[in-house]
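The structure under discussion appears below in the form of structure tokens.
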Amino acid sequence: MLRRRLNRLCGGDERRVDSRTIYVGHRKCPDTEVFIPSKFCDNRIVSSKYTVWNFLPKNLFEQFRRIANFYFLIIFLVQVIVDTPTSPVTSGLPLFFVITVTAIKQGYEDWLRHKADYEVNKYQVTVLEDGRSVKKESEKIKVGDVVEVVEDETFPCDLILLQSTREDETCFVTTASLDGESNHKTHYTVPDTEKNLQDLNATIECEQPQPDLYKFVGRMHIYKLEEEPAVRSLGPENLLLKGATLKNTKKIHGVAVYTGMETKMALNYQGKSQKRSAVEKSINSFLLVYLSILISKAVVCTTLKYVWQSKEGQDEPWYNQKTQKEKDTYLYLKMFTDFLSFMVLFNFIIPVSMYVTVEMQKFLGSFFITWDKDFFDSEIQEGALVNTSDLNEELGQVEYVFTDKTGTLTQNNMEFIECCIDGFQYKHRDTQSELDGFTETDGPVNKVQQKAGHEKEELFLRALCLCHTVQVKEAGPEETFGDQVDGIDGMLPQPEERGFIASSPDEVALVKGAMTYGFTFLGLESKSMKIRNRQNDIEEYELLHVLNFDPVRRRMSVIVQTKSGERLLFCKGADSSIFPRVKPEEVDRIQLHVERNAMEGYRTLCVAYKQLSADEYAVADTGLREARLTLQDREEKLMAMYNQVEMGMSLIGATAVEDRLQEEAAETMDALQGAGMKVWVLTGDKMETAKSTCYACRLFQRGTELLELTVRTLEDGRTKREEKLLELLRDYHRRAVEDALPVKAGVTRSWCTANQEYGFIIDGATLSLVMNPPRDADAGLYRSLFLQTCQNCTAVLCCRMAPLQKAQIVRMVKNSKGSPITLSIGDGANDVSMILEAHVGIGIKGKEGRQAVRNSDYAIPKLKHLKKLLLAHGHLYYVRIAHLVQYFFYKNLCFILPQFLYQFFCGYSQQPLYDAAYLTMYNICFTSMPILAYSLLEQHMSIEILLDNAPLYREIAKNAMLRWRPFLYWTVLGIFQGLLFFFGVRFLFSNPALQDNGQVFGNWSYGTIVFTILVFTVTLKLALDTRHWTWINHFVIWGSLAFYVFFSFFWGGIIWPFLKQQRLYFVFANMLSSVSVWLVIIILIILSLLPEILLVVLRKPRGPHSRPKKPGQSSVGDCQSSLSSARPLLMRTFSDESSTII
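Next comes the structure, spelled out in structure tokens:
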């Protein structure tokens, strides 16, 4: 654990300038170089928390950090050491049960982590040693080893690609487990390496481990006999990351540069810590209050005891008086012992059984999520999964939702919708009904049912077929392929079945679109691109250069050469990056279609081309080659060359592709925002794609003003990037926070349409500047401006995020003012860090592996299930457990207050008011089952009402039912009823003769009458609060009362041989023989419950019940399930109001 933290600390510092030197294959350099062996960590992965040796002490230490466990431990020790009125078993047994159950649960979870680590570390890999392939366990790989990986295998550590079986010296990988993108990425071998790796003599200089998945800087020195060492630059395109999978490449060889806990995957792993709910924190606060009450009672009784005993004749009888010396001996020790005895006597005000009941409620309640048939997905034949039952109630308190995009909001399945060529719109309908593949629809108003020129059409389709990085994988004899971006076969039948491999799903959609319209891309072989045109002729183009896409340029280009020697540049990209580089008159014809498609939520790309003369190409070719070989400022020089080449183009047309949303994604986002939650999208995808998704999900509306804080907006030649950042932050803060009208907390866009809505967009590189500003800058100012601006926006989009940056965002919001409850939801391993960081982590059982599901607190099959999970299950869980906690404190206050008052009438002698059996069984048997059933089955509103009225979620937000005001209400109610119990029975006892034979009742009869009224009152109080009656509620409520009566008769009707003194022998039966006792019991129960009944009757209705019903709409009471009675008992007699939030 310590080593992992040190590694993370060292590896996470992006400002470290020192590097590491790696000897490929552990071979020494020529004599001219100095051989310095280095020590690096091994390749073991450790995610477990405990070992066999430290489990017991570490687990006990963590459990006794909880104030309740520590308190009960002290009370137990006091009962063992000091002669107290009650047995140590009364507090020791429940404490032992809670500690044991929790330890077993946590031990099992850690055993699963050990098991997963063992499988990873013992996985067999192939390593080249002395020209031979040797099988080794993964944990034994060392930095410098040459590792062999075959197709569909996962890379065991971070590797530099040295050799590939592909002719073009590339390989394809999927990084779904790292950044959530299921598309294929192309990686390149280091140029000029030996074909026989045994002869390769080289060293690698690279940066120290750091968590950014998209950054890597290094160089490779290749030594050859009697030649100068060749130096080759290394970048992210040469680095194969641990956790990624090799695809469409038979075999590769790579040298290990980062291993074990220093790999980028491990550095992005957020350690799993124990999460605690806000309810548990409220319990601890209430516990401190009741602990103060307990101590105050003990101090008062101890003080009054010695004041009373100081009077003459009170301390001892006249015939056995103590001397003054005897009175003063060990006086303070006696006072302290008496204080502890009073503490133990009143100890039951602290509900030890509440923790057992809460644990059972959480554990059993979690099954309702698992059993919910609405969460079952027929496609994967699975339902919801609960990994952590401790956070059920937290589902009802969420204020911020952080969601991944790819695979969570969207299906990552791009579909070609339409295109515009030379101002004419072409929309794909039914391709089989059109011989030429085109269907023209509503073109420009003055050009309806017209087409662009034939040459322009074919030029546009050639651009779609050539301007991409798609690879073709031919189908084998027993397999058929769809594209391998999303794994879904969506291709139309073609003469030759083939699968597409691409670095972006929209590229596959465009190639499919061209293929549907008669131009088929046949593949790339040795820099030769082949396409089949409409006439079924094969056209061949030589690929000269690829100008890769990047988020600043927001476009990509290719330079190709035809058979006739003509050189063409094809470019596609965002409209904002293409329009400035083409003729203005061409823009006007296309812009209308682009804007309309963007408003419909489609992703738009513009297509342009340029014919290069021999001189223009010579300049471009030389400049690009020199820039790629540069070690310093390589990106800046490439950017300058790209911009130079891509000027003066001609605009051909534009395309519109749709990234299909998950089922009911927009409706789910609407419901969450209606419930008062703020949604942030954290994705590793490009900004344009993510922005389109936000519009489609209705997170950004048509009138939303977007505040963009990205690398593109910071590019300003006049000012430094840091200065521009601060300037933009202040400007956005002024507009979104300072100048904005105050909006009531929790009010969403439905109620504040008069205000300007803002959306915020930031990318990963800019976030790094915000989180790590220059040393001379105020880091707190940057973060404060950024956070306040984001919190005043209706939605926030964070794109190009590394996994650790996602966790940083969540942590920043979680630790902000007010400590809002956060929820993270994702489906890939790149989402694990933010899932672990948030208060509640939700995993989606998607197509990108199960890492997110394994590390989540809850797992659901689809995004749409999040609505019911939060608005229904979360709401009900919170109301139930909040009532459980308040009820437990209330009933224990009612229980122990008469015991305290009794001390004023028994000479502060620590005489119990109740029998030991009643003291032990009050919380365990007589009153535990009704509240447990209530906390599992209660529905104060039907699920249909909760789902249809999302604003109801806001009524319980910010822990509304466990604030000090409702807590004070329950406390006052407990004090009132405790006083009524004690003094009401005392009034009864003012009559000396309560029995027919004239005999009087004793002190145990007094306590039994009080206890009987207590048990019936607190149980009927719960019956009054119950809105959803089932046979289980009836059974446990009336059964608990019947059991109390039966137990009292049974306990007092038999002489028990193991008891030294039997205080209740025939007391209960004798007590009920008096009509006066019956009358007092009934009257005191009614008087105790009367204020609650009056409050319910006179209180003004709130919530959906107070709203006028629409025709055909049923009331809340009518929406109860078939298990409940038509009108809940008692409560429905007086009101149809739900449980109140005070």
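Positions 721 to 1862 (the numbering used here) are the ones given, in order, by the sequence shown.
Cβ atoms here follow ideal geometry from the backbone N, Cα and C, with glycine treated the same way.
The model shown is predicted, which means the values in this text are computed figures rather than measured ones.
- Taking 8 Å as the upper bound for CB-CB distance, T1640 and S1760 are not in contact here, some 16 Å apart.
- Taken in chain order, no unbroken stretch of alpha helix (DSSP H) lies wholly in the region 898-965 with a span of 4 residues or more.
- In the DSSP assignment, G1285 falls outside any alpha helix (DSSP H), carrying neither H nor E.
- Around the CB of A1762, fewer than 16 other CB atoms lie within 10 Å, so the residue is classed as exposed.
- Beta-carbon to beta-carbon, G1546 and I1555 are separated by about 6 Å, close enough to satisfy the 8 Å threshold.
- The C-beta of C1291 has 16 or more other C-beta atoms within 10 Å across all chains shown, which makes the residue buried.
- For F1122, the enclosing beta strand (DSSP E) stretches over residues 1120-1123.
- Within the same chain, A1340 come within 6 Å of V1365 by CB-CB distance, once the 5 residues on both sides are set aside.
- If you ignore the 5 residues before and after Q1508, its C-beta comes within less than 7 Å of the C-beta of H1453, V1457, all in its own chain and listed in chain order.
- For S1793, no alpha helix (DSSP H) run applies, since DSSP gives it neither H nor E.
- Under the criterion of beta carbons closer than 8 Å, K971 and E868 qualify as touching, at roughly 7 Å.
- Per DSSP, the continuous beta strand (DSSP E) segment holding V893 begins and ends at 890-894.
- Here N1133 carries a strand assignment [DSSP, helix/strand/coil].
- In this structure, the beta-carbon distance from G1698 to L1613 falls below 8 Å.
- The way I'd put it, the region 825-838 doesn't touch the region 1091-1104; fewer than three beta-carbon pairs between them come closer than 8 Å.
- Its Cα nearest to that of I1663, the residue H1748 stands out among M1681, S1725, H1748, V1738.
- The C-alpha of D1551 is placed about 19 Å away from the C-alpha of M1389.
- For E1102, the beta-bridge partners assigned by DSSP are D1097.
- Following the DSSP letters along the chain, one finds Q1511 in no beta strand (DSSP E) but inside the alpha helix (DSSP H) bounded by residues 1499-1511.
- Residue pairing from DSSP places T1240 in a beta bridge opposite R1252.
- Here DSSP, grouped into helix, strand and coil, assigns F1786 to coil.
- Closest by C-alpha distance to T1108, out of G1561, H1585, R1819, is G1561.
- Judged by DSSP secondary structure, A1653 falls within the alpha helix (DSSP H) whose first and last residues are 1648-1657.
- For Y1261, DSSP records a beta bridge to M1249.
- CA-CA distance, R1706 to T1090, rounds to 52 Å.
- DSSP places D1551 in no beta strand (DSSP E); its state is neither H nor E.
- Residue range 1636-1641 is occupied by the alpha helix (DSSP H) that includes T1640.
- Nearest neighbour of C891 by Cα position, chosen from K967, V821, E982, turns out to be K967.
- Judged by DSSP secondary structure, K1678 falls outside any alpha helix (DSSP H); it is assigned neither H nor E.
- Sequence-distant Cβ neighbours of F817 in its own chain, meaning closer than 8 Å and more than five residues away, are V1076.
- Within the model, the alpha-carbon separation for F1702 versus F1059 is close to 23 Å.
- For S853, no alpha helix (DSSP H) segment is defined; the enclosing uninterrupted segment is the beta strand (DSSP E) at 852-857.
- Within the same chain, Cβ atoms closer than 8 Å to the Cβ of L1792 are found at W1798, the five residues on either side in sequence being excluded.
- Boundaries cannot be given for V744, as no beta strand (DSSP E) includes it and DSSP labels it neither H nor E.
- Here DSSP, grouped into helix, strand and coil, assigns K995 to coil.
- With fewer than 16 other beta carbons inside 10 angstroms of its own, W1758 counts as exposed.
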